[in-house]
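Just below is one structure, and these are the notes that go with it.
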């Protein structure tokens, strides 16, 4: 029995603890008081009914009753019903309050969501407007790109037209310069012939008793025909090497009229042609002027300038620079035949120099003058050229003079022009030196370069008329004369 009673009380306590989770806080005080009264009554009744029995009192922590209390006892039904109704009302009130709070929360969320929705709508509208603007800008960009391409195409077409017109203008300018040079050459020939005719007339008037000399037939004069140019293949022709071309025909000889100084003052002086200027001097013609020369072993006649005043006389001038009136940036064929004005700046011609120097032993004299009036010279004991098959290779002898030796470095080198590269340099020295010369790699002397006024010049390359041992490569000389004379004491 004791054990049964104990089990019953424990069961009651477990039941009381297990059902305390569903009652609200508003009825906590009243329900606790009623429950305690109910338990105390039951305890009192149970203690009175169980006399002469062992009783046990368990002290348990007071639980916070939140729900219905179920006890294994009988209580008034009215009390139980009232208590149950109050509890249900309280639960309903709590549920209503809870739902009310949820509704308020939902309303707040709806209000917030409504603002967000409006903002989203505005953002979408702005996005559509922005997309439309971006599309417009993209179309404008495409139109601008197309317009720029059209402008670039038009600009390219205009540039091509300008280039074509420039090429035509250059071609016309070159033709005009060619005609001008031809005209100047013809004028020079006409002037020379006029002088010769005048002196012949004067001579005839002074010596009316002298019978005219019989005219001996002369071999036909070889007239140099300037090579034509061809722009179709975009190649530099022989006559387009220089910017200022000076197409020259070989100065025609006067077979029936010797040069001015060759007019005999007596019947004892030969009238020429002579082998060289020394022979003319030996025949009594001691005036520096134009003479008709015919080297040995050839029928080629040439007009040369003979310097009979420079001690000891008999010098044949093969090159002269004095005023820059003639452009020396020429092609191979022009350097071969010769160009310029015999009484001014001129080049005798490689072929003519070859025939002159190979008929005997000749020495070379180079006289130079700077812009301050200082004069120097360089003399070489022997001078001759190889034939064209050897590209007119230079052969020099021993040096003597006060200008310094800037020519021996070129000894044994072949002649080079812009269209015929025979130097030892990887490039073309004539392109950088702007002339024709016996270039090595490239030059210690460049007497056929560009004639600059004033001496010191500024140029990308050393292309002036210079002699490196005299005033250096950046100084363009004022006057240069190259002349040859027989030297019987020297052998090749």
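Residue numbers (the UniProt record's numbering): 1 to 492.
A virtual CB, placed ideally from N, CA and C, is assigned to each residue, including glycine.
| Asked | Found |
| --- | --- |
| Delimiting residues of the beta strand (DSSP E) encompassing residue 303 | 302-307 |
| Proximity below 8 Å, CB of residue 449 to CB of residue 464 | yes |
| Alpha-carbon to alpha-carbon, residue 85 and residue 58 | 32 Å |
| Cβ contact check for the region 429-441 and the region 461-480: 3 or more pairs under 8 Å | yes |
| Distance between residue 457 and residue 332 (C-alpha atoms, nearest Å) | 27 Å |
| Cβ separation of residue 319 and residue 482, assumed to be a contact under 8 Å, to the nearest whole Å | 4 Å |
| Integer-rounded CB distance, given that residue 469 should sit under 8 Å from residue 405 | 6 Å |
| Residue from 391, 446 and 381 with nearest C-alpha to residue 368 | 446 |
| Through-space distance from residue 94 to residue 100, alpha-carbon basis | 10 Å |
| Close beta carbons around residue 298, own chain, < 8 Å, minus the five adjacent residues each side | 355 |
| Residues near residue 421 by beta carbon distance below 6 Å, same chain, minus five either side | 428 |
| Contact check, residue 345 vs residue 388, beta carbons under 8 Å | no |
| Residue environment, residue 291, which counts as buried when at least 16 other CB atoms sit within 10 Å | buried |
| Residue span of the beta strand (DSSP E) that contains residue 316, given as start and end | 315-321 |
| Three-state secondary structure assigned by DSSP to residue 342 | coil |
| Helix, strand or coil at residue 114 [DSSP, three-state] | helix |
| CA-to-CA distance, residue 282 to residue 274, given in whole angstroms | 10 Å |
| Cβ-based neighbour list, residue 192, same chain, cut-off 7 Å, excluding 5 preceding and 5 following | 290 |
| Cβ-Cβ separation, residue 399 to residue 415 (assumed contact under 8 Å), whole Å | At roughly 20 Å, the Cβ-Cβ gap does not stay under 8 Å, so residue 415 and residue 399 are not in contact. |
| Proximity below 8 Å, CB of residue 305 to CB of residue 365 | no |
| Host beta strand (DSSP E) of residue 290 (start-end) | 289-293 |
| Exposure of residue 379, with buried meaning 16 or more beta-carbon neighbours within 10 Å | buried |
| Test item: CB-CB of residue 377 and residue 401 under 8 Å | yes |
| Proximity of residue 375 and residue 394 at Cβ, strictly below 8 Å | no |
| Delimiting residues of the beta strand (DSSP E) encompassing residue 366 | 362-369 |
| Which listed residue (180, 452 and 485) has its alpha carbon closest to that of residue 381 | 485 |
| Residue 468: first and last residue of the uninterrupted beta strand (DSSP E) it sits in | Careful: residue 468 lies outside any beta strand (DSSP E) and carries neither H nor E. |
| Residue 192 - DSSP class collapsed to helix/strand/coil | helix |
| Under the three-state DSSP convention, the category residue 132 falls into | helix |
| First through last residue of the beta strand (DSSP E) which encompasses residue 353 | Not the beta strand (DSSP E): residue 353 falls in the alpha helix (DSSP H), residues 350-357. |
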